[in-house]
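The structure appears right after this line, and notes come after that.
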Amino acid sequence: MASTSRQSMQSTLLSTVNVRRTSIKRGETIENKPSDNRQHRVVENFIVIWLDPKIDQLDSDYQNSISHLRQIVNSIEIFTNADHCLDFLGKVKDEKVVLIVSGSFGQQIIPRIQELNQLESIYIFCSHKSKYEQWSKNYEKIKGVFTGIISICNVLKQDIRQSEANLISVTILPSSSKMKSNEIDPTFMYSQLLKEILIDIEKEDTEKQKLIEFCREQYSQNDSELEFINEFDQGYLKQSPLWWYSREGFVYKMLNRALRSQDIEIISKMAFFVRDAHQQITQLYLQKSKEFSPFNVYRGQGMMNEEFEHMRQNSGGLISFNVFLSTSVDRQVALEFARKSQNDSSKTAVLFQMEVDPTNASNPFASMENISFFPTEKEILFSMNTVFRIEEIKQIEDQLWQVNLSLTHNDDQQLKRVAESIRQDLADGRTGWHKLAILMAEIGDFDKADELCQQAFEKISNDDWSQLTHFHQFIGFIKMQKGDYSNSLSHLQKCLDIWLNKFPGYDQHLPSIYLNMGQSYYGQGQYDEALKTFQYALNKALQLSQPEYK
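No gaps in the numbering here: position 136 of the sequence shown is 136 in full-length UniProt numbering, and each next residue is one more.
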């Protein structure tokens, strides 16, 4: 596979969607019929929606059609009712949708949905191609009119690869001159902190097996992916982490989607792989960095217009690519890839030119030649969350822009400020996951903070009373912020009981515990209990302010 193909596999990247199963016999109702009782969810960047009023009357080739589609996209939704389809489509937030639709239904619904950002592409599937060809040209997202599922799959596979590359997640930080004093974007801090946590996370004996079990459940109806999962399970140590990552399959798809959407569950399950891949890149970088002089690499892609405009307004600032970043040493390859987005009105075609000084790089990188599953590619892969300085943005063709970046150095003052801000703001964090939870709580994302706290809480020893009190109080606070007052009070009461029994005389934390309990009682409408608890908090605070307590 050429560099173009490998680069096209790049993407990044919380909400989950319950995927309806499609193992259906002739004549059965298709929608809302589960095939098993296991918990399935979307784990990749794309969902296929197939809408056709007669789909349950198709012949035995239907199951083969589903099998072919699943080799490209794992999550498939089947609808025979247009309203149900539109309702589902409107609820998709974190994924991109590929719509396969009959000609008659297409004419009804496409004018109503063509502007939806989550709708990536449309494929008209009908028996009378000529009837819809002229009409289909009126809609940019329609990729063609097809009479067979194989022809759809051939086009869909290439379109998905292009779209995967365009979905790469970035965060942008304005230049120091445009920032207020001590103001650091929390999303930028999140991306940098996540990298530190994942590469430093402690190794566990069962970590790979937990991922394998999860993947077998999610891909239970995908024979080709199950075969790949088995290979990964039995032969992980026989190949390098970067070899597995470069191979098209669940490792690449799941990880990039999880990083793009900040899916904490999947990120935590794949943490060992991120650590292993980063370590391999670091080793290769240390072996080869002194052999390199400064050089340029390139990446071509389409950026959403709003994202590109945000980047253009922050020229001189920093940009972090929140994945393992694939680039090419061949400018022409990257340029041709960028040109594929020139005619997409929702995107801006971008050619990134990245200047790299290997002697003082802030993040490691490695040549993938003879390492990748595709060993002949001229690819340079950067470890996740690599930060560049935005040097210049200029238009080089109609609807095509070149963005000149420079890899940040270890002595970059703005990057140092980010690191120092993280250390100061999150000093109370007991573990990496806890620090990330604090950051999520600070920016108001309490669902994610809750999930991260559970990750950290599960690893605490049952007799580590100091840790238990700290986490019970923090989880109680988060539950309160989410309006889950019953669970909030449960955690806060456990915190209070441990504190009074295990740490008598050390009362400095009691006012804040009582205060949070009072707020939860108030949220439940238990005003008398709230008033009493607030009084406890006040009395204890006044007591602690006396000279003998100082």
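Note that CB positions come from ideal geometry on N, CA and C, so glycine has one too.
As the structure is a prediction and not an experimental result, all values here were calculated from the model.
>> Tell me the DSSP secondary structure of I78 in three-state form.
In response: Within the sequence shown, residue 78 is the residue found at index 78, counting from 1. I78: strand per DSSP, three-state reduction.
> For I371 versus L242, is the C-beta distance shorter than 8 Å?
Replying inline: As a working note, residue 371 is residue 371 in the sequence shown. As a working note, residue 242 is residue 242 in the sequence shown. Contact flag set, yes.
>> For S127 and T147, I'd like the C-alpha separation in whole angstroms.
In response: The residue labelled residue 127 in the question sits at position 127 within the sequence shown. The residue labelled residue 147 in the question sits at position 147 within the sequence shown. One C-alpha to the other measures close to 5 Å.
> From what residue to what residue does the beta strand (DSSP E) around M354 run?
Replying inline: Counted from its first residue, the sequence shown places residue 354 at position 354. Per DSSP, M354 belongs to the beta strand (DSSP E) from 347–356.
> Among residues of its own chain, excluding the 5 on either side of K25, which ones have a beta-carbon nearer than 7 Å to its beta-carbon?
Replying inline: Numbered from 1 along the sequence shown, position 25 holds the residue referred to as residue 25. Unreliable placement is indicated for K25, whose pLDDT of 30 sits below 50; no coordinate value is reported for it.
> According to the Cβ coordinates, are I100 and F125 closer than 8 Å?
Replying inline: If you number the sequence shown from 1, residue 100 lands on position 100. If you number the sequence shown from 1, residue 125 lands on position 125. Their beta carbons are under 8 Å apart, which means I100 touches F125 by this criterion.
> If A419 and A437 are in contact, beta carbons under 8 Å, what's the gap, nearest whole angstrom?
Replying inline: Locating residue 419 in the sequence shown gives position 419, where the first residue counts as 1. Locating residue 437 in the sequence shown gives position 437, where the first residue counts as 1. The Cβ separation is near 19 Å, so there is no contact.
> Can you tell me whether D450 is buried or exposed, with buried defined as 16 or more other CB within 10 angstroms of its CB?
Replying inline: Along the sequence shown, read from residue 1 onward, the residue named residue 450 stands at position 450. With a threshold of 16 other beta carbon atoms within 10 Å, D450 meets it and is buried.
>> Rounding to the nearest angstrom, what Cα-Cα distance links L531 and D263 in this structure?
In response: Translated into positions along the sequence shown, residue 531 becomes position 531. Translated into positions along the sequence shown, residue 263 becomes position 263. Pairing L531 with D263, the inter-Cα distance amounts to about 39 Å.
>> Quick test of the definition: if touching needs 3 or more C-beta pairs under 8 Å, does the segment 482–493 touch the segment 515–528?
In response: Touching, yes.
> Just checking my contact of L510 with K540 at CB under 8 Å: how many whole Å lie between their CB atoms?
Replying inline: Translated into positions along the sequence shown, residue 510 becomes position 510. Translated into positions along the sequence shown, residue 540 becomes position 540. Indeed, because the Cβ distance is near 5 Å, the residues count as touching under 8 Å.
> CB-CB under 7 Å to Q395, same chain, minus the five flanking residues each way: which ones, in chain order?
Replying inline: Within the sequence shown, residue 395 is the residue found at index 395, counting from 1. Excluding positions up to five away in sequence, the list reads W401.
>> Considering just the uninterrupted stretch of the beta strand (DSSP E) at K96, what are its terminal residues?
In response: Counting from one through the sequence shown, the residue named residue 96 turns up at place 96. Judged by DSSP secondary structure, K96 falls within the beta strand (DSSP E) whose first and last residues are 96–101.
> Grouping DSSP H, G and I as helix and E and B as strand, with all else coil, what is A541?
Replying inline: For the purposes of this step, residue 541 is identified with residue 541 of the sequence shown, where counting begins at 1. Of the three classes helix, strand and coil, the one that applies to A541 here is helix, per DSSP.
> For L538, which option in F214, G249, Y514 has the closest C-alpha, if you only look at C-alpha atoms?
Replying inline: Here the question's residue 538 lines up with position 538 in the sequence shown. Comparing alpha carbon positions, the residue from F214, G249, Y514 closest to L538 is Y514.
>> Any contact between the segment 322–340 and the segment 378–387? By contact I mean 3 or more CB pairs, one from each, below 8 Å.
In response: Of all C-beta pairs linking the segment 322–340 to the segment 378–387, three or more are shorter than 8 Å, placing the two stretches in contact.
> What's the gap between the Cα of V274 and the Cα of V403?
Replying inline: Working through the sequence shown from its first residue, we reach residue 274 at position 274. Working through the sequence shown from its first residue, we reach residue 403 at position 403. The alpha-carbon atoms of V274 and V403 are separated by roughly 28 Å.
>> Using C-beta distances below 6 Å, list every residue in its chain close to W244, excluding the 5 sequence neighbours before and after it, in chain order.
In response: Start at 1 with the first residue of the sequence shown, and residue 244 comes out as number 244. Excluding residues within five positions, the ones whose Cβ falls inside 6 Å are V251.
>> At the level of alpha carbons, what is the spacing between F388 and T187?
In response: By 1-based counting over the sequence shown, the position of residue 388 is 388. By 1-based counting over the sequence shown, the position of residue 187 is 187. One Cα belongs to F388, the other to T187, and the distance between them is close to 16 Å.
> On the three-state DSSP scale, how would you describe F534?
Replying inline: Counting from 1 along the sequence shown, the entry for residue 534 is found at position 534. Reduced to three states, the DSSP call for F534 is helix.
> Once you ignore the five residues that flank S3 on each side, which residues in its own chain have a CB closer than 7 Å to its CB?
Replying inline: Mapped onto the sequence shown, residue 3 falls at position 3. A caution first: S3 carries a pLDDT of 41, below 50, which makes its placement in the model unreliable, though a value can still be read off. Contacts found: S328, D330, V333, E377, K378, E379.
>> By the three-class DSSP mapping on this structure, what secondary structure does I380 have?
In response: Taking the sequence shown and counting its residues from 1, the one referred to as residue 380 is at position 380. In the displayed model, I380 falls within a strand according to three-state DSSP.
>> Let me confirm a value: F105 is counted as buried when at least 16 other C-beta atoms fall within 10 Å, else exposed. Which label applies?
In response: For this step, residue 105 is matched to residue 105 along the sequence shown. The C-beta of F105 has 16 or more other C-beta atoms within 10 Å across all chains shown, which makes the residue buried.
> So the beta strand (DSSP E) T469 belongs to, where does it begin and stop?
Replying inline: To locate residue 469, count along the sequence shown from 1; it is residue 469. From DSSP, T469 is part of no beta strand (DSSP E) but of the alpha helix (DSSP H) over 465–481.
>> Are the CB atoms of H68 and I150 within a distance shorter than 8 Å?
In response: Walking along the sequence shown from the start, residue 150 turns up at place 150. Walking along the sequence shown from the start, residue 68 turns up at place 68. Note that the C-beta distance between I150 and H68 is below 8 Å.
> Can you list, in chain order, the residues of its chain whose CB lies under 8 Å from that of R216, leaving out five sequence neighbours each side?
Replying inline: Along the sequence shown, read from residue 1 onward, the residue named residue 216 stands at position 216. Excluding positions up to five away in sequence, the list reads L226, I229.
> Near Q546, what residues of its chain come up, given a Cβ to Cβ distance below 6 Å and the 5 sequence neighbours on each side ignored?
Replying inline: Taking the sequence shown and counting its residues from 1, one reaches residue 546 at position 546. Excluding residues within five positions, none has a Cβ falling inside 6 Å.
> Skipping 5 residues on each side, what residues in its chain have a beta carbon closer than 6 Å to that of E133?
Replying inline: Reading the sequence shown from its first residue, position 133 is the one you call residue 133. For E133, where only same-chain residues beyond five positions count, the Cβ hits under 6 Å are V145.
>> Quick check on DSSP: helix, strand or coil for G432?
In response: On the sequence shown, residue 432 is found 432 positions in, with the first residue counted as 1. G432 falls in the helix class under three-state DSSP.
> Mapping DSSP to helix, strand and coil, what is A385?
Replying inline: Numbered from 1 along the sequence shown, position 385 holds the residue referred to as residue 385. First, the residue type needs correcting, since residue 385 is Asn and not Ala in the sequence shown. N385: coil per DSSP, three-state reduction.
>> Going residue by residue through the segment 232–286, where are the continuous alpha helix (DSSP H) segments of at least 4 residues, counting only ones entirely within it?
In response: When DSSP assignments are scanned along the segment 232–286, the uninterrupted stretches of alpha helix (DSSP H) that are 4 or more residues long and fall wholly within it turn out to be 241–246, 250–261, 264–269.
>> Using 8 Å as the threshold, is the C-beta distance between I168 and F46 below it?
In response: Position 168 of the sequence shown, counted from the first residue, corresponds to residue 168. Position 46 of the sequence shown, counted from the first residue, corresponds to residue 46. Result no, Cβ atoms of I168 and F46 do not sit closer than 8 Å.
> For L544 versus N516, is the C-beta distance shorter than 8 Å?
Replying inline: Here residue 544 is taken as the residue at index 544 of the sequence shown, counted from 1. Here residue 516 is taken as the residue at index 516 of the sequence shown, counted from 1. Contact: no.
>> What would DSSP say about T187, mapped onto helix, strand or coil?
In response: Locating residue 187 in the sequence shown gives position 187, where the first residue counts as 1. The answer is helix: DSSP assigns T187 an H, G or I state.
> Hey, out of L89, I72, I113, whose CA is closest to D159's CA?
Replying inline: Mapped onto the sequence shown, residue 159 falls at position 159. Minimum Cα distance to D159 is reached at I72.
> Going by DSSP, which residues form a beta bridge with Q301?
Replying inline: Within the sequence shown, the letter at position 301 stands for residue 301. Answer is V350.
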